[in-house]
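I have placed the structure first, in the form of structure tokens, so that the comments after it can refer back to it.
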Amino acid sequence: MQTEIPKIYSPESIEPYWARVWVEKELYRPVGDSVCKRFSLAIPPPNVTGSLHIGHMLEHTEIDILMRWHRMRGEDVLWLPGTDHASIATQMVVEQEIGREALPELAGRASATAAWRREGRRLRIEMGRKKFLERCWQWKEQSGGRIRKQMERLGTSVDWTRERFTMDAEYSRAVFQVFARLYKDGLIYRGTYIVNWCPRCGTAVSDLEVAHEERAGKLWYIRYPFEDGTGYVTVATTRPETMLGDTAVAVNPSDERYRQVVGSKLGLPLLKRVIPIVADEFVDPEFGTGAVKVTPAHDPNDFAIASRHNLRQLKILDEEGRMTEAAGPYQGLDRYKARERILDDLRAAGLLEREQDHDLSVGTCSRCKTVVEPILSKQWFMKMQPLAGAAIRAVEEGRIRIVPENYRKIYLDWMHNIHDWCISRQLWWGHRIPVWTCRHCGEVIVSEESPGTCPKCAGRSLQPETDVLDTWFSSALWPFATLGWPENTDDLRRYYPTDLMIMGFDILFFWGARMIMMGLKFMDDVPFRELYIHALVRDAERQKMSKTKGNVIDPLEVTEQYGTDAVRFALAISAAPGTDIAFSYDKIKSYRAFANKIWNAGRFIVMNLEQLAPEVRDRVSAATQAAPKDGFEPLPTEPALALADQWMFSRLAAVTTEIEEALAGYRFHEAAYKVYHFFWHEFCDWYLEWIKPEITRALGPEDSCNPWANLLLSFESALHLLHPFMPFITEELWHRLPNHADEVSISLRSFAMVSERAANPTAEEEFENIRSLVVAARNARAESGLQKEAVGARAASEDAAVLELCNVHRQTIQRLAGLESLEIVSGRLEGGIPITSAFEFQLVYEKQVDDEAERARLTKEKEKLEAGLARVKKQLENRSFLDRAPEDVVRKTENHRAELEVQFQKVVESLERLG
RNA sequence: GGGCGGUUAGCUCAGUUGGUUAGAGCGUCUGCCUUACAAGCAGAAGGUCAUCCGUUCGAGCCGGAUACCGCCCACCA
């Protein structure tokens, strides 16, 4: 009838079970009780491009720890899950998938991915928008399902009944409504400007999506002859192919070298077009030759110059990165091919004056690494400055607290320099921009559905917008759109503003900043009260994880191998705010060992509990059940055990507070370390060891069951503290404790069980005395090479209280230190080893120890003490120290000196005895 | 070009208002299969806190400079 508990904890035998139970019982649906404090958080929705990676796992672990903690504090917790359609990323993945299906034979080749993407894009256009979107939805179902399964398996305590997707019908309605409002308010406009164009993705991208990369390049000096043949002006450029689109050369008006030629005409080499020389303040006379070629259609600065001087904009590069008709003989060439050809031709014409090495930063598409091209294009933009002010004030006034604090400044700097946002994308997967344009009168109609006729001229020919919105436009609405906005739902009223948002630094501007602006605009309140920025997970060598490097740690795989709890704990204990995490299998292994330790502590307790006579066991159960659900103190026991119980409960009370303080400050590493150290090195190493004889003995009806009750209550309290970090193993063990088999879940119990009244400084001090004695005895024994000998000891003190303490705990001391006997003496010992200044001990043994080794050890000890003593004495002789240092510091230093003196005396005595 | 972070034990990292002898995990060494746990127990060794200067009675911590590493932002052709 006794269930055998395995010695080695096997997480796979329990984790899938509890993961399923938690979901099936809808345990993490908020109760919605307005009496309790509420705590809400909308998950950063993972992209439906694939599956979760270790970074997600860190994020989810951090959030889950906080959510479980808040829930255990009795708050009404909502953690809303969901996913993001990730417009561009998903479209690229699906295209590649289609390409792969079409060209399976390429698998394994280095260039396969690129080829599949190209082919996929071609096939996408061939199959048309409707069919392609069907494929995307299919992909979304698959990927979204996979993500949900992963999250369930990892035990994330979200409310699945409120799951959302950014392209759900209701969510999309919110997106369209926001677009319409912003358009009406004049914050969204359409216009032809220079945008970043990715030729490979075939769409415009925002400034944020461009990654600047330092590259070694060249500066080419090209001669532009005067039209009348009287000479030339030399310009310098890093992109010679753009010269085909030049419509002017600009110089600084104050530049003496060129003052005479402003207004003159130049003949553009190769194309023989005539272009003017204009004067513009933008030009830096120091750089290059002080004369700049102006390509309005392919450079934002040149675009600005052109608008000031009314210059023509000539587009010579198309959306594929090829030269257009305007490029004359170079038409159809790829941009880099054209560059080579043009340089050759210039060289041949003797117009390439020189070339010079020049490092430059090129903009690349952050998704596909292709060099992006600034290109003149008609796009939709959103004005950001009108929204930035409120978003700046919200953070400055502390209505949103950003943690760690250094990100606050980064946020504010970015906000102060914010530019308009290009929100249209030439993609299919995403929210179609809800606009129709009348082909007759040009009226722009913003409407979710096709309006049918033009409200202005009643024309029936309406041109629908085919672009979709930047994915971040919709995710910016996440905190309120997921709660039912624009309807004024109960959820929206109860859970907005959310209390917390956690994200990686990489999306602070993409997402964090924009959520703040949109929340303030549409809800008139911040989207979240605190924003915690978490670290990046790197590999053991601090390299970024990437598939190409092959150093990725797959959360599911590693979880299956070592257990979710171990991985979660390894992540949490590494997660110091503001620093990246070096993650390794070794690290996971050591926390798997911790899980095993917890398991065996539980196993030990449960096994011995089952050994008890049934009626005793019933009394133990009754005693634990009688204890209040929270706020309890140790039950009275006989003196030899009472100290351990009082100490344990006192430590529990202290550690509970420390963990709560750490979690409140997002110091996950500190909280995890505290609970780790407490459980292993206090609860197991000392408390369990101390009370072991009591719980391994058979109890009779006349015996008190209070020691057992104290053990069960303290173990249970420890499980509560561990639960947010290690939900699975704690849930399992908790259910194996008396009275819990049929209860729902430890996750719905209170976090802090032990009363603050359990704090007991006297017990802690007394315990510390005993512990020091035991440690010193073990130490002395090992150092003297007596580990295998039968050794006794004498403990001595002139303090009656200390002697009494030793007497009460004589058996415990002997057992823990492995001593044969313990004599307790009033007074001093010759050659004793000091525990404190009023407490000393010495070993008693028969074996002759090696005097030489002993002398060497003592001499080293003596030197150390001398050095310490000299330092302290010097400090205490320093008048300014005595005058200026606070009194308690001086007193402490004096005490320290006294202790050192005693120890020093002892060592000298011992040395003398050795002769 | 602007801004930020890091440099502490062999490795990975903590160190919260400046205050005794700077900590942990892993690794190493010694002794233990002690009836919860060898993924364990009991011990040990190992650091001029990157360098220099300063403030202070007192600096790993505060200020300045230098070196190396890393990150972010930026319309220098």
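In case it helps, this note's numbering puts the first sequence at residues 137 to 1051. Glycine residues also receive a C-beta, built at the ideal position from the N, C-alpha and C atoms.
Between Leu777 and Ala759 the beta-carbon gap is near 15 Å, outside 8 Å, which marks them as no contact.
The three-state reading of DSSP puts Val369 in strand, counting E and B together. Between the alpha carbons of Phe664 and Ala649 lies a gap of roughly 11 Å.
Per the coordinates, the alpha-carbon of Gln782 lies some 6 Å from the alpha-carbon of Ala899. Residues of the same chain with a CB within less than 8 Å of the CB of Lys733, apart from the 5 flanking positions on each side, are Phe815, Trp816, Cys820 in chain order. Considered as a whole, the segment 609 to 660 harbours 614 to 617, 626 to 631, 650 to 658 as its complete alpha helix (DSSP H) runs of no fewer than 4 residues, in chain order. Assignment of Met784 by DSSP, reduced to helix, strand and coil, places it in the helix class.
Every beta strand (DSSP E) stretch that sits fully inside the segment 409 to 447 and reaches 3 residues is listed by chain position as 410 to 415, 427 to 430. The Cβ neighbour count for Lys723, taken over all protein chains shown within 10 Å, is at least 16; the residue is labelled buried.
A Cβ-Cβ contact shorter than 8 Å links Arg704 with Met862. Taking the C-beta atoms as reference points, Leu216 is found no nearer than 8 Å to Thr460. Beta-carbon to beta-carbon, Glu476 and Pro335 are separated by about 17 Å, too far to satisfy the 8 Å threshold. Rounded to whole angstroms, the separation of the alpha carbons of Gly699 and Leu692 is 9 Å. Contact between the segment 266 to 286 and the segment 246 to 258 is absent: fewer than 3 CB-CB pairs across the two stretches fall below 8 Å.
In the structure shown, Ala749 falls within a coil segment according to DSSP collapsed to helix, strand and coil.
Contact annotation: Pro166 and Leu323 have beta-carbon atoms that are not nearer than 8 Å. Cβ contact annotation for Phe646 (same chain, cutoff 7 Å, sequence separation greater than five): Leu344, Trp608, in chain order. Take the alpha-carbon of Pro633 and the one of Thr197: they are about 22 Å apart.
Sequence-distant Cβ neighbours of Gly738 in its own chain, meaning closer than 6 Å and more than five residues away, are Leu869.
With a cutoff of 8 Å on beta-carbon distance, Arg393 and Gly367 are scored as not near each other.
In this chain, the beta strand (DSSP E) harbouring Arg359 covers 346 to 361.
Looking at the DSSP output, Thr328 shares a beta bridge with Lys514. For Asn896, the number of other beta carbons within 10 angstroms of its own is at least 16, and it is reported as buried.
Closest in alpha carbon position to Met653, among Ala527, His876, Arg351, is Ala527.
Each of Gln515, Val414, Ile969 was checked against the Cα of Gln1041, and the nearest Cα belongs to Ile969. Taking all protein chains shown into account, Lys765 has fewer than 16 neighbouring C-beta atoms within 10 Å of its C-beta and is therefore exposed. Non-local C-beta neighbours of Glu990 in its own chain, meaning closer than 7 Å and more than five positions away in sequence, comprise Ser920, Leu1050, ordered along the chain.
About 46 Å separates the Cβ atoms of Glu233 and Lys173, ruling out a contact at the 8 Å cut-off.
Out of Thr792, Tyr668, Val880, Trp572, the CA that lies nearest to the CA of Asn542 is found in Tyr668. For a cut-off of 8 Å, the C-beta gap from Val1044 to Lys998 is around 7 Å, short enough to register as a contact. Annotation: the continuous beta strand (DSSP E) that includes Ala931 extends over 928 to 933. The three-state secondary structure of Tyr394, taken from DSSP, is coil.
Note on Gln1039: 16 or more other CB atoms within 10 angstroms of its CB, so buried under the neighbour-count rule. Annotation: the continuous alpha helix (DSSP H) that includes Ser223 extends over 223 to 238. Within the DSSP secondary-structure output, Pro600 pairs in a beta bridge with Trp572. Ala238 places its beta carbon less than 8 Å from that of Leu259.
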